[in-house]
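**Q** In the working numbering, the protein residues as written are 83 to 256. The beta carbon of each residue, even a glycine, is placed where N, CA and C say it ideally should be. Questions regarding the structure given below will be posed in turn.
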Amino acid sequence: MRLSLKPAAAALLAATLALTACTSSSGTSPNPSSRASISAPSSGAGTTTSVTASGTAKSSTSAGRNTKPTALPSGVTAQTLPTSVANVVDKRKNVAITSCAAVSGGWGAKGTAVNRSPKPVTYTITIFFTTTQATTLASAATKVTVKSGQTAKWSASAKLKAPRTMLCVLRGVG
Numbered sequence: 083m084r085l086s087l088k089p090a091a092a093a094l095l096a097a098t099l100a101l102t103a104c105t106s107s108s109g110t111s112p113n114p115s116s117r118a119s120i121s122a123p124s125s126g127a128g129t130t131t132s133v134t135a136s137g138t139a140k141s142s143t144s145a146g147r148n149t150k151p152t153a154l155p156s157g158v159t160a161q162t163l164p165t166s167v168a169n170v171v172d173k174r175k176n177v178a179i180t181s182c183a184a185v186s187g188g189w190g191a192k193g194t195a196v197n198r199s200p201k202p203v204t205y206t207i208t209i210f211f212t213t214t215q216a217t218t219l220a221s222a223a224t225k226v227t228v229k230s231g232q233t234a235k236w237s238a239s240a241k242l243k244a245p246r247t248m249l250c251v252l253r254g255v256g
C-alpha cells in the first residue's frame, strides 16, 4: 500500500513519532511537559500544530486577532517596498549605520562602508525605515564604491511623513 501525505501532514506524523518517546520541560515547573509545537511552512498565515505525547494534534494559525497589521501612523501613506533585497554576508559585515534621523521631507540614514579587499568594492545598501513597532513605512537604497583599504561614507533617505521616532534597519547589502 502506498501512502500519500501532504508536507504538513508528513511533518505532523514525523513529529508525533519523534515525540512518542520523549518529553520536554517548559516554564519554571520541574515537571516535564508532554506537549510540543511545530510550525509548518505555508503560503499564507503561519500554521502551528501542537502535538501531545499521545499523538493528539491541534492546529491553529497565526492569523488570529492578535496578528492584525498595525495601522499606519496618522498622515502616512503606504509606499511600495522591495520584496527582494540582495544581502551578501561578506559585504554586510563591512557596512554600518552611524546615524538615523529626520531629514527635510522624510527620514534618512548615514553610515560607513569599509573595504578590506585588494580591489575596489561597490556596495548596494538598502535601508528600511520603520516605526518603533516595526512597521516599515519606506525604504531607500544607495551605492557606494570603496577603494582598497579605505572607508567611505554613505547616506540614504526617503520622502515620507514620518512619526517623531523612527528606526533605520540595514535590510541588505549587495
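Which of the three DSSP states is assigned to R174 in this structure?
**A** Within the sequence shown, residue 174 is the residue found at index 92, counting from 1. Correct three-state label for R174: helix.
**Q** Rounded to whole angstroms, what is the Cα-Cα separation between A153 and T247?
**A** Here residue 153 refers to the residue found at position 71 when the sequence shown is read from its first residue. Here residue 247 refers to the residue found at position 165 when the sequence shown is read from its first residue. Spanning the two alpha carbons is a distance of roughly 16 Å.
**Q** With distances taken Cα to Cα, identify the nearest neighbour of T180 among K235, S166 and P245.
**A** Here residue 180 corresponds to residue number 98 of the sequence shown, with the count starting at 1. For T180, the nearest C-alpha among the options comes from K235.
**Q** Find out if the Cβ-Cβ distance for the pair T194, R253 is shorter than 8 Å.
**A** Taking the sequence shown and counting its residues from 1, the one referred to as residue 194 is at position 112. Taking the sequence shown and counting its residues from 1, the one referred to as residue 253 is at position 171. Going by C-beta atoms, T194 is not nearer than 8 Å to R253.
**Q** Please check the pair T204 and T227, which I expect to be a contact at CB under 8 Å, by giving their CB distance rounded to whole angstroms.
**A** Residue 204 sits at position 122 when you count from the first residue of the sequence shown. Residue 227 sits at position 145 when you count from the first residue of the sequence shown. Sure, about 5 Å apart at Cβ, within 8 Å.
**Q** Secondary structure at A222, three-state DSSP: helix, strand or coil?
**A** Within the sequence shown, residue 222 is the residue found at index 140, counting from 1. It is a strand residue.
**Q** With distance defined between alpha-carbon atoms, name the residue in G190, T218, C250 and G157 nearest to K241.
**A** What you label residue 241 is simply residue 159 of the sequence shown in a count that begins at 1. Selected option, being the one with the closest Cα: G190.
**Q** Cα-Cα, which of A220, S199 and K201 is closest to F210?
**A** Numbered from its first residue, the sequence shown carries residue 210 at position 128. The residue with the shortest Cα to Cα distance from F210 is A220.
**Q** Do the CB positions of S82 and N197 come within less than 8 Å of each other?
**A** Nothing about residue 82 can be read from this structure; the chain reaches only from 83 to 256.
**Q** What is the DSSP secondary structure of A160, reduced to helix, strand or coil?
**A** On the sequence shown, residue 160 is found 78 positions in, with the first residue counted as 1. Residue state, collapsed to three classes: coil.
**Q** Who are the near neighbours of P202 in its chain, counting only those whose CB is closer than 8 Å to its CB and skipping five residues on each side?
**A** Here residue 202 corresponds to residue number 120 of the sequence shown, with the count starting at 1. Around P202: T227, V228, K229 and S230.
**Q** So, V185 versus K243, is the Cβ gap smaller than 8 Å?
**A** Stepping through the sequence shown from its first residue, residue 185 is reached at position 103. Stepping through the sequence shown from its first residue, residue 243 is reached at position 161. Cβ atoms of V185 and K243: not closer than 8 Å.
**Q** Ordered along the chain, which non-local residues of its own chain (more than five positions away) have a Cβ less than 7 Å from that of V251?
**A** Position 169 of the sequence shown, counted from the first residue, corresponds to residue 251. Excluding sequence neighbours, V251 sits near I209, F210 and T212.
**Q** From Q232, A222, Q215 and C182, pick the residue whose C-alpha is nearest to that of P200; which is it?
**A** Working through the sequence shown from its first residue, we reach residue 200 at position 118. Closest by alpha carbon: Q232.
**Q** Classify V255: buried if its beta carbon has 16 or more other beta carbons within 10 angstroms, exposed otherwise.
**A** For the purposes of this step, residue 255 is taken as residue 173 along the sequence shown, with counting starting at 1. Flag for V255 reads buried.
**Q** State the start and end residues of the unbroken beta strand (DSSP E) segment that holds A191.
**A** In the sequence shown, the residue the question calls residue 191 occupies position 109. Unbroken beta strand (DSSP E) run through A191: G188 to V196.
**Q** Taking the alpha-carbon positions, what's the A168 to T162 distance?
**A** Numbered from 1 along the sequence shown, position 86 holds the residue referred to as residue 168. Numbered from 1 along the sequence shown, position 80 holds the residue referred to as residue 162. Rounded to whole angstroms, A168 to T162 spans 17 Å at the Cα level.
**Q** Which term fits K173, buried or exposed, when burial requires 16 or more other beta carbons within 10 angstroms of its beta carbon?
**A** Sequence index remark: in the sequence shown, residue 173 carries index 91 (1-based). Classification of K173: buried, given that the 10 Å Cβ count is 16 or more.
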